[in-house]
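Chemist: The listed protein sequences correspond, in order, to chains Z and F.
Throughout, the working numbering is defined as the position within the first sequence, counted from one, plus 14.
Throughout, the working numbering is defined as the position within the second sequence, counted from one, plus 1067.
Have a look at the structure that comes next, please.
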Amino acid sequence: MSDINAAIDAEVKSNDVLLFMKGTPKMPMCGFSGQVVQILSHLGVPFKGVNILESDALRQGVKDYSNWPTFPQLYVKGEFVGGADITREMFQAGELQTLLKDKGLIA
Amino acid sequence: MTYRQRMIDKLTAAFQPTFLEVIDESDRHHGHGGQHTQGETHFVVQIASAAFRDTTRLQRHRMINEVLKQELAERVHALTIEADPA
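Right, dumping it as structure tokens:
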């Protein structure tokens, strides 16, 4: 495992809810990243945002790690949930709330 | 050939969809970080296919991403996917 891959893996496994995104939760640089920040904030679940625009190595590394070509990318308890579409569809269907409750991350 | 047409051709060949729309929304993201100056960066794919029966959302997205791997690597950096079983 390369250094960047190991670093990403450690980040994914040490944060209950992790969002790889363009920009930061306070200042998303892309509408799709902003949508997922809004959903997570609305649900009141603490999460860490990682700005993949800070480094090309990180950006490519996360794409390879997840085998997913675009951002944002949401992880819950070390498991890849999906990008903006899947997160939004799950939220609208109530499935994201169920997932977060089942994992004990929201009441 | 445009990226849009390439994507239509590949999705048609891979999934024999009963419904397929590939919409270029790049204009709505003008000047945004990573925007390619020649456009064709942001697309919406609406697709229905029997190939998506008994699959999860995540599996359907992965199937489509795999078919469009080359386009995603070269140019396309946002793909909104609405994929339903036919």
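Positions of the beta carbon are idealized from the N, C-alpha and C atoms, including for glycine.
1) If you run the structure through DSSP and keep just helix, strand and coil, what is K62 (chain Z)?
2) I believe P39 (chain Z) touches G63 (chain Z) by the beta-carbon criterion, under 8 Å. Please report the beta-carbon distance rounded to the nearest angstrom.
3) Going by Cα to Cα distance, which pick from F:I1075, F:A1153 and F:L1146 is closest to H1128 (chain F)?
4) Could you tell me if K1136 (chain F) is buried or exposed, where buried requires 16 or more neighbouring beta carbons within 10 angstroms of its beta carbon?
5) Suppose you measure from the CA of N81 (chain Z) to the CA of D1076 (chain F); what does that come to, to the nearest Å?
6) Quick one: using the 10 Å Cβ neighbour count with 16 as the cut-off for buried, is F1082 (chain F) buried or exposed?
7) Write down the C-beta distance between I66 (chain Z) and R102 (chain Z) rounded to the nearest angstrom, noting that I regard them as a contact closer than 8 Å.
8) Quick check: the Cα distance between I1148 (chain F) and G96 (chain Z), rounded to an integer number of angstroms?
9) Going along chain F in order, which residues have a C-beta closer than 7 Å to the C-beta of I100 (chain Z)?
10) Round the Cβ separation of T1079 (chain F) and A1115 (chain F) to the nearest angstrom and send it over; I've been treating them as touching at under 8 Å.
11) For the candidate residues Z:D23, Z:D116, Z:G45 and Z:D78, whose alpha-carbon lies nearest to that of A98 (chain Z)?
12) Short of 8 Å Cβ to Cβ, which residues in the region 78-89 of chain Z face chain F?
13) Who does A1117 (chain F) pair with in a DSSP beta bridge?
14) Closer than 8 Å, Cβ to Cβ, to anything on chain A: give me those residues from the region 103-117 of chain Z, in chain order.
15) Let me see if you follow: with CB-CB separation under 8 Å, is G96 (chain Z) close to chain F or not?
Modeler: According to the structure shown:
1) Taking the first residue of the first sequence as 1, we reach residue 62 (chain Z) at position 48. Strand, per DSSP.
2) Locating residue 39 (chain Z) in the first sequence gives position 25, counting from the first residue. Locating residue 63 (chain Z) in the first sequence gives position 49, counting from the first residue. Sure, about 4 Å apart at Cβ, within 8 Å.
3) If you number the second sequence from 1, residue 1128 (chain F) lands on position 61. It is F:L1146.
4) Counting from 1 along the second sequence, the entry for residue 1136 (chain F) is found at position 69. Its Cβ having fewer than 16 others within 10 Å, K1136 (chain F) is exposed.
5) The count along the first sequence starts at 1 and reaches residue 81 (chain Z) at position 67. The count along the second sequence starts at 1 and reaches residue 1076 (chain F) at position 9. Going by the C-alpha atoms only, they are around 23 Å apart.
6) What you label residue 1082 (chain F) is simply residue 15 of the second sequence in a count that begins at 1. Flag for F1082 (chain F) reads buried.
7) In the first sequence, the residue the question calls residue 66 (chain Z) occupies position 52. In the first sequence, the residue the question calls residue 102 (chain Z) occupies position 88. Between R102 (chain Z) and I66 (chain Z) the Cβ distance is about 19 Å, and since that is not below 8 Å, they are no contact.
8) Indexing the second sequence from 1 puts residue 1148 (chain F) at position 81. Indexing the first sequence from 1 puts residue 96 (chain Z) at position 82. Separation of I1148 (chain F) and G96 (chain Z) (C-alpha to C-alpha, rounded to the nearest whole angstrom) is 12 Å.
9) Within the first sequence, numbered from 1, the residue matching residue 100 (chain Z) stands at position 86. Ordered by position in chain F, the residues that pass the 7 Å Cβ test against I100 (chain Z) are R1124, L1125 and H1128.
10) Mapped onto the second sequence, residue 1079 (chain F) falls at position 12. Mapped onto the second sequence, residue 1115 (chain F) falls at position 48. With a Cβ gap of about 12 Å, T1079 (chain F) and A1115 (chain F) do not count as contacting.
11) Taking the first sequence and counting its residues from 1, one reaches residue 98 (chain Z) at position 84. Nearest option by C-alpha distance: Z:G45.
12) Listed by position, the residues of the region 78-89 of chain Z near chain F (Cβ gap below 8 Å) are N81, W82, P83 and T84.
13) Translated into the one-based positions of the second sequence, residue 1117 (chain F) becomes position 50. Partner(s): none; A1117 (chain F) has no beta bridge.
14) Given the protein chain composition of this structure (Z and F), no chain A is represented.
15) Numbered from 1 along the first sequence, position 82 holds the residue referred to as residue 96 (chain Z). Chain F contact via Cβ: present.
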